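Student: If you use full-length UniProt numbering, the sequence shown closes out at 409, no skipped numbers anywhere. For glycine and all other residues, C-beta sits at the position ideal for the given N, C-alpha and C. Values in this document were obtained by computation on a predicted structure and should not be read as measured data.
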Amino acid sequence: MWVPVSAVPLGTFIQTPSASLCVSLRLSASLCVSAPRLTCSLPPLCFPVEFLRNLFSRTLGLGSGSREKVLDELSLEGVARYIQSGNCKNIICMVGAGISTSAGIPDFRSPDTGLYANLQKYSLPYPEAIFQIDYFKKHPEPFFALARELYPGQFKPTVCHYFIRMLKDKGLLRRCYSQNIDTLERVAGLQGDDLVEAHGTFYTSHCVSFLCRKEYTLDWMKEKIFADEIPKCDKCSSLVKPDIVFFGENLPARFFTSLQMDFPRCDLLIIMGTSLQVQPFASLVGKVSARTPRLLINKEKTGQSDSLMGFLGFGGGMDFDSEKAYRDVAYLGTCDDGCLALADLLGWKTELEELVKQEHALIDSKDKQEKASAANQNSGAGQKAGLGVEPGESDKPEQPMGEGNSKQD
1 MWVPVSAVPL
11 GTFIQTPSAS
21 LCVSLRLSAS
31 LCVSAPRLTC
41 SLPPLCFPVE
51 FLRNLFSRTL
61 GLGSGSREKV
71 LDELSLEGVA
81 RYIQSGNCKN
91 IICMVGAGIS
101 TSAGIPDFRS
111 PDTGLYANLQ
121 KYSLPYPEAI
131 FQIDYFKKHP
141 EPFFALAREL
151 YPGQFKPTVC
161 HYFIRMLKDK
171 GLLRRCYSQN
181 IDTLERVAGL
191 QGDDLVEAHG
201 TFYTSHCVSF
211 LCRKEYTLDW
221 MKEKIFADEI
231 PKCDKCSSLV
241 KPDIVFFGEN
251 LPARFFTSLQ
261 MDFPRCDLLI
271 IMGTSLQVQP
281 FASLVGKVSA
291 RTPRLLINKE
301 KTGQSDSLMG
311 FLGFGGGMDF
321 DSEKAYRDVA
331 YLGTCDDGCL
341 ALADLLGWKT
351 ELEELVKQEH
361 ALIDSKDKQE
371 KASAANQNSG
381 AGQKAGLGVE
391 PGESDKPEQP
401 MGEGNSKQD
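1) In whole angstroms, what separates the C-alpha of residue 207 from that of residue 173?
2) How many Å lie between residue 285 and residue 178 at the Cα?
3) Compute the Euclidean distance between the alpha carbons of residue 370 and residue 242, then round it to the nearest angstrom.
4) Hey, how far is the Cα of residue 350 from the Cα of residue 171?
5) Closest by CA to residue 303, which one among 283, 129, 203?
6) Can you check which of these residues, 260, 98, 220, 298, is closest to residue 289 by C-alpha distance?
7) Pull up the distance between the alpha-carbon of residue 257 and that of residue 357, whole angstroms please.
8) Can you tell me which of 239, 223, 338 puts its alpha carbon nearest to the alpha carbon of residue 211?
9) Within 10 Å of its beta-carbon, does residue 217 have 16 or more other beta-carbons around it, so buried, or fewer, so exposed?
10) When you compare each of 199, 373, 89 to residue 263 by their alpha carbons, which one comes out closest?
11) Using 9 Å as the threshold, is the C-beta distance between residue 159 and residue 176 below it?
12) When burial is assigned at 16 or more other CB atoms within 10 Å of the CB, is residue 162 buried or exposed?
13) Assuming residue 216 is part of the beta strand (DSSP E), what are its boundary residues?
14) Taking only the alpha-carbon atoms, compute the straight-line gap between residue 141 and residue 85 and give it to the nearest angstrom.
15) In whole angstroms, what separates the C-alpha of residue 187 from that of residue 150?
16) Look up residue 300 in the DSSP assignment and say whether it is helix, strand or coil.
17) Is it right to say residue 407 is buried, meaning 16 or more other beta carbons lie within 10 angstroms of its own, or is it exposed?
18) Tell me which same chain residues have a C-beta within less than 6 Å of the C-beta of residue 122, skipping the five on either side of it?
19) List the whole-angstrom C-beta distance separating residue 251 from residue 198, where the pair is believed to meet the contact cut-off of C-beta under 8 Å.
20) Flag this pair as yes or no: are the beta carbons of residue 335 and residue 101 separated by less than 9 Å?
21) Closest to residue 237 by CA distance: which of 209, 124, 144, 269 is it?
22) Rounded to the nearest angstrom, what separates residue 373 and residue 346 at their Cα positions?
23) Could you give the residue range of the beta strand (DSSP E) that holds residue 142?
24) Roughly how far, in whole angstroms, is the beta-carbon of residue 293 from the beta-carbon of residue 70, given that I think they are within contact range, below 8 Å?
25) Apart from the five residues just before and just after residue 232, which ones in its own chain have a Cβ nearer than 8 Å to its Cβ?
26) Is the beta carbon of residue 157 sitting closer than 9 Å to the one on residue 359?
27) Which partner residues of residue 332 appear in the DSSP bridge assignment?
28) In whole angstroms, give me the CA-to-CA distance for residue 200 and residue 366.
29) For residue 185, does the count of other Cβ atoms within 10 angstroms reach 16, so buried, or fall short, so exposed?
30) Taking Cβ positions, are residue 144 and residue 230 nearer each other than 9 Å?
31) Can you give the Cα-Cα distance for residue 72 and residue 78, rounded to whole angstroms?
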């Protein structure tokens, strides 16, 4: 049964099942005085009761003025004691570009070193165009030139990546929600089920044609990019794009299905290295229960309360400093330093440092083996080419390098 809350022409109807409230808008419009009024009903939007309770409490001032603190202290020490209490078994990590900067990968928005501040050489109409799907389809060259510089496999995971891996190994990680496309979470040891790559990944690629959509591997894409080729589908000749989410594209379906399962169960939310400026990812901070502690590890405070965004349903944001603060903690510094500090308080610091050292050594060893294998292949190819020299050809005088046979590295 639908219960009307406000009158036509803009009617809001609320259905009240046990677990959620469903809100539907009925819009009416009159084409002219004599024409009948046309009415259309939008599909109902379902919100958890806890979400609406938090929404009205924060944005309309309903409910109690203050809450009992969920941590014994609003500090990193308080978070560490909470993790050690045994009541914390479903940690969700939300991570952005800031967790990869110490690996040598720039973030997006830092004024001087960020990606958007250093794209002048690509002659873009505006920095964000390099990730606009319509621009990419017409001008793919800038994106693939940038991809060559930032391609996965050229960087090692950071302390922060391995801290998340430790949470998994200790049975504490519910899921890691990442805005990053560098695949370093996978390199650090997280599996596909441990991850929600909200903005996609380089791990796979697809033909952009809706009639084709052939899938390609990471190695295939890498070969094309480093050969300075624009990747084209071998089936239909359309562009092939890594499965990263461009502006103008939908987020992966896994993002929406997973958050409905994960966030109601989350008992600690750790946000690291993200400006929380891009929706809908930024809204995830408001999806956890009102009794769930939230830890921000970042160079500056972000994601703070915004009553307008809260009323629009994107979550009311975090509160670190007001008298009403009761669950949010901010550690200001690099993500690596924050993870080391938390690991130290948990008694994990030595274990974390050993894990980083061990895993980096394995990556270095693998790189050496791959380079040696590539060198052997090149050497073998050269020897085979030498066997194909015609008799007397080596006695021919060397021709001067001209325009037709010059080579530029």
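Tutor: Here's the rundown:
1) 34 Å
2) 13 Å
3) 23 Å
4) 19 Å
5) 283
6) 260
7) 36 Å
8) 239
9) exposed
10) 89
11) no
12) buried
13) 215-217
14) 53 Å
15) 15 Å
16) coil
17) Caution applies to residue 407, whose pLDDT of 38 falls short of 50 and renders its modelled position unreliable; the value that the coordinates give is listed next. Exposed, by the Cβ-count rule.
18) 142
19) 6 Å
20) yes
21) 209
22) 42 Å
23) Taken as a continuous stretch (DSSP letters only), residue 142 belongs to no beta strand (DSSP E), being part of the alpha helix (DSSP H) at 141-150.
24) 5 Å
25) 238, 239, 240
26) yes
27) 298
28) 26 Å
29) buried
30) yes
31) 6 Å
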